[in-house]
Amino acid sequence: MTKFQSLFPETYEASRERFRKNLPIVRSMWSKAELFQHKLAGEEDLTIDWIYSDAVETNQKVFILTTGEHGVEGYVGAAMMQRFIEKYMSRLDPRTTGILLVHAINPWGMKYHRRGNRDNIDINRTFLYNIDHDPAFNPAYEGIARFLNPGTQIKNLVLDNIGYTLQLFWHIARMGMKNFRDALLLGQYRHPQGLYYGGKERPEETQALMNLYKQMMSSYDQILHLDMHTGYGPRYQMSLVNSALDKNPSAYYEKRFNYPLVVAATADEFYAIRGDMVDYEYALWQHEFPEKRFFATAFEFGTLGNTLYGLFHSPRVMIHENRAYWYGAKNEELLAKAKHGFEELFNPAASDWKEKAVADADQAFNGILSAEGYLV
Ligand SMILES: [Zn+2]
682 MTKFQSLFPE TYEASRERFR KNLPIVRSMW SKAELFQHKL AGEEDLTIDW
732 IYSDAVETNQ KVFILTTGEH GVEGYVGAAM MQRFIEKYMS RLDPRTTGIL
782 LVHAINPWGM KYHRRGNRDN IDINRTFLYN IDHDPAFNPA YEGIARFLNP
832 GTQIKNLVLD NIGYTLQLFW HIARMGMKNF RDALLLGQYR HPQGLYYGGK
882 ERPEETQALM NLYKQMMSSY DQILHLDMHT GYGPRYQMSL VNSALDKNPS
932 AYYEKRFNYP LVVAATADEF YAIRGDMVDY EYALWQHEFP EKRFFATAFE
982 FGTLGNTLYG LFHSPRVMIH ENRAYWYGAK NEELLAKAKH GFEELFNPAA
1032 SDWKEKAVAD ADQAFNGILS AEGYLV
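Be aware that the sequence shown starts at 682, since it is given in my numbering, and climbs by one per residue.
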């Protein structure tokens, strides 16, 4: 067992419980800190929890940390939240700095180990500023929709893998790698059982977070937001993924934060997205609060890696899990395999992975908090 193993929670409930118990620790610095909750519609006990406090004297700057926008990624996110609270929070200055810590933006997805919410909506395709959930967006998705969601039970992994490989190569040959990746990852608002589905209207999770971001932008002169994700990029080097709307080049941030891997969420450096949460904040800032100082980025903890294997394997894992979710598998073993592969893509079990992830987060917390003037 590694020294960091205990940072990584086993269940949504245990993670939420631990998060709530942090309130007194936050209060030892911000005496007026409160725990807030947004309970999701429905019977189940699923909540977005956040701890918030104004600065103790004057609201100059605010630090925001969010986790679990992609439910299953919330386990690593919760580990990083705990790490921040235990190791970095005490170095902020509560007199001038407010704090907002958000546990599980997508609690249903975290509890049930899926990326999307109960309606299969990828919350990170729903942060649309001044545009609609347009069903006609990303028409190229139509051409790969059957490939991504065959609409049948999983029956035989060997045959499925051969079929997957042949179809993948056919679509890449037909469309080109770039167009294929765009069609896959951009988001789509038409296939409710498909991948990267953005829904038909704004989900309640999205609205809750939009309200918080607006409140933070109106209350402070400087806003710094770090959002936790997993699944993409090299396995043993967390990537800082900046918004496509940030004007500075990645190399500038690598130097500024003393961090070795920064990419922008553009088609060239990472992949393009519609409805990205951090993009929404940039739009909000540029349109409504241009006089403020703002920076936000995502910690993206890679798992399968950037090798050909990883690039080939990640869509396969996502297709399998989605298929198993909607249509089931012929037997328990096939179902367990589909779920296990998915879990490894977003919440890896290996202790050396966890240790490196925490070390990378440490380096990034240090670099960003000090460059942005948050450490006293
Ligand atoms: Zn994510």
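For each residue, glycine too, the CB sits at the ideal point set by N, CA and C.
Quantities reported herein were computed from a predicted structural model and do not represent experimental measurements.
Discussion item. Is glutamate 750 close to ligand 1? I mean its beta-carbon at under 7 Å from any heavy atom of the ligand.
Written reply: yes
Discussion item. By the DSSP assignment, the beta strand (DSSP E) with aspartate 730 in it spans what residues?
Written reply: For aspartate 730, the enclosing beta strand (DSSP E) starts and ends at 728-734.
Worksheet item: With a cut-off of 8 Å, do at least 3 Cβ pairs link the region 723-737 to the region 777-785?
Response: Flag = yes, the region 723-737 and the region 777-785 touch.
Worksheet entry | Paired residues, beta bridge with leucine 907 - DSSP | Leu746 and Thr978
Worksheet item: Where are the alpha helix (DSSP H) runs, 4 residues long or more, that stay fully inside the region 924-950, in chain order?
Response: Runs found: 931-937.
Fill in: Residue burial classification, isoleucine 835 (beta-carbon count within 10 angstroms, cutoff 16)
buried
Worksheet item: Would the C-beta of histidine 784 count as close to ligand 1, meaning under 7 Å from any of its heavy atoms?
Response: Histidine 784 Cβ: outside cutoff for every heavy atom of ligand 1.
Item to complete: Below 8 Å on the Cβ atoms is my guess for tyrosine 877 versus leucine 866; work out the distance and round it to an integer in Å.
Response: 6 Å
Worksheet item: Excluding sequence positions up to five away, which residues of its chain have a Cβ less than 8 Å from the Cβ of glutamate 935?
Response: Within the same chain, glutamate 935 has close Cβ partners Pro941, Leu942 and Val943.
Worksheet entry | Own chain partners of leucine 1050 with C-beta closer than 6 Å, once the 5 adjacent residues on each side are dropped | Counting only residues of its own chain and dropping the five nearest sequence neighbours on each side, leucine 1050 has a CB closer than 6 Å to the CB of Leu1056.
Item to complete: For asparagine 805, verify whether its CB is less than 7 Å away from any heavy atom of ligand 1.
Response: yes
Worksheet item: Grouping DSSP H, G and I as helix and E and B as strand, with all else coil, what is methionine 785?
Response: Here residue 785 is alanine; the residue named in the question, methionine, does not match the sequence. Looking at alanine 785 - three-state DSSP - the assignment turns out to be coil, as it is neither helix nor strand.
Fill in: Pairwise C-alpha distance: glutamine 918 and histidine 910
So the alpha carbons of these two residues sit roughly 13 Å apart.
Worksheet item: Sorted by chain position, which residues of the same chain lie with C-beta nearer than 7 Å to arginine 799's C-beta, five sequence neighbours on each side aside?
Response: Only residues of its own chain outside the window of five on either side were considered, and among them Trp789 have a CB closer than 7 Å to the CB of arginine 799, listed in chain order.
Worksheet item: With which residues is lysine 720 paired in a DSSP beta bridge?
Response: Thr728
Practice prompt. Could you tell me whether the region 737-745 touches the region 886-904, using the rule of 3 or more Cβ pairs below 8 Å?
Written response: Under the Cβ criterion (8 Å, minimum of three pairs), the region 737-745 counts as touching the region 886-904.
Practice prompt. Alpha carbon to alpha carbon, how far is arginine 697 from glycine 879? Give it in angstroms, no decimals.
Written response: If I take the Cα positions, the gap works out to 26 Å.
Worksheet entry | For glutamate 715, the residue or residues it bridges with in DSSP | Tyr733
Item to complete: Indicate whether serine 931 and glutamate 950 have their beta-carbon atoms separated by less than 8 Å.
Response: yes
Worksheet item: Quick one: any contact between the region 1037-1047 and the region 749-764, if contact means 3 or more CB pairs under 8 Å?
Response: By the Cβ criterion, the region 1037-1047 is in contact with the region 749-764, since at least three pairs of Cβ atoms, one from each stretch, lie closer than 8 Å.
Worksheet item: Taking the C-alpha atoms as reference points, what is the distance between leucine 829 and aspartate 863?
Response: 14 Å
Worksheet entry | Inter-stretch contact at 8 Å, needing at least 3 Cβ pairs: the region 983-994 / the region 1021-1037 | yes
Worksheet entry | Residue nearest to threonine 807 in terms of C-alpha spacing, selected from Lys1011, Lys895 and Gln888 | Gln888
Worksheet item: Sorted by chain position, which residues of the same chain lie with C-beta nearer than 7 Å to glutamate 886's C-beta, five sequence neighbours on each side aside?
Response: Ile729, Ile786, Asn787, Asn798 and Ile804
Practice prompt. Write down the C-beta distance between phenylalanine 980 and leucine 907 rounded to the nearest angstrom, noting that I regard them as a contact closer than 8 Å.
Written response: 6 Å
Worksheet item: Beta-carbon separation of tyrosine 952 and leucine 926 under 8 Å?
Response: No, Cβ-Cβ distance for tyrosine 952 and leucine 926 is not below 8 Å.
Worksheet item: Any chance the CB of glycine 991 is under 7 Å from a heavy atom of ligand 1?
Response: Not so, every heavy atom of ligand 1 lies at least 7 Å from the Cβ.
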